[in-house]
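J.:
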Amino acid sequence: MIGKGNIVMEIKKLYLSIQDEIISRLDEFKRVREKGSEKDVFAELVFCILTPQSRAKLCWAAVGNLMNKALLLKGSKNQILKELNGVRFKYKKAEYIVEAGKQFLTEGKISIKSQISRFSDVYDAR
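Residue numbers (the numbering used here): 4 to 129.
1) Can you tell me whether DSSP reads residue 75 as helix, strand or coil?
2) Checking 7 Å against the spacing of the C-beta atoms, do residue 122 and residue 115 come in under that value?
3) Based on DSSP bridge pairs, tell me the residues matched to residue 113.
4) For residue 88, which residues of its own chain have a beta-carbon under 8 Å away from its beta-carbon, when the five flanking residues on both sides are left out?
5) Just to confirm the assignment, what range does the alpha helix (DSSP H) spanning residue 28 have?
6) What three-state label does DSSP hand residue 56 in the structure shown?
7) Would you give the residue range spanned by the alpha helix (DSSP H) that residue 127 belongs to?
8) Looking at the unbroken alpha helix (DSSP H) that takes in residue 81, where does it start and where does it end?
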């Protein structure tokens with residue numbers, strides 16, 4: 004049996020080995036939020052919806068497919084579902100994407116950045 008201290012040390016070693024990648028990805032999220040289009044920010048949201056218990060590369064490929072087929076914002080649950088190959092819990096996640104689209108679509112336009120900026124911090128936004 005592995006001791007608790009050993010597990011913590013393994014996690015720290017793993018974190019240190021990928022720390023630069025994590026920081027780089029966080030910086031990329033910040034750039035998208037600050038300088039990206041509304042559609043770019045929504046694509047990141049969809050990526051975040053898809054990634055729990057799924058492989059990030061598969062999820063990003065699914066987001067790319069949804070964007071290429073113009074389904075990201077206006078696709079039906081069934082249309083989106085067809086593009087979520089390899090994504091776990093795809094039926095529920097397709098529903099969540101459709102609901103997110105409804106929540107952030109105003110008068111036919113996506114408006115996610117303005118809604119996010121109304122919150123004072125990330126905890127308030129959640």
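Beta carbons are placed, not taken as given, at the ideal position from N, Cα and C, and that holds for glycine.
T.: Let's see:
1) coil
2) Result no, Cβ atoms of residue 122 and residue 115 do not sit closer than 7 Å.
3) 108
4) In the same chain as residue 88, and ignoring 5 residues on each side of it, the C-beta atoms closer than 8 Å to its own belong to 61 and 65, in chain order.
5) 7-38
6) coil
7) 125-128
8) Its alpha helix (DSSP H) spans residues 80-85.
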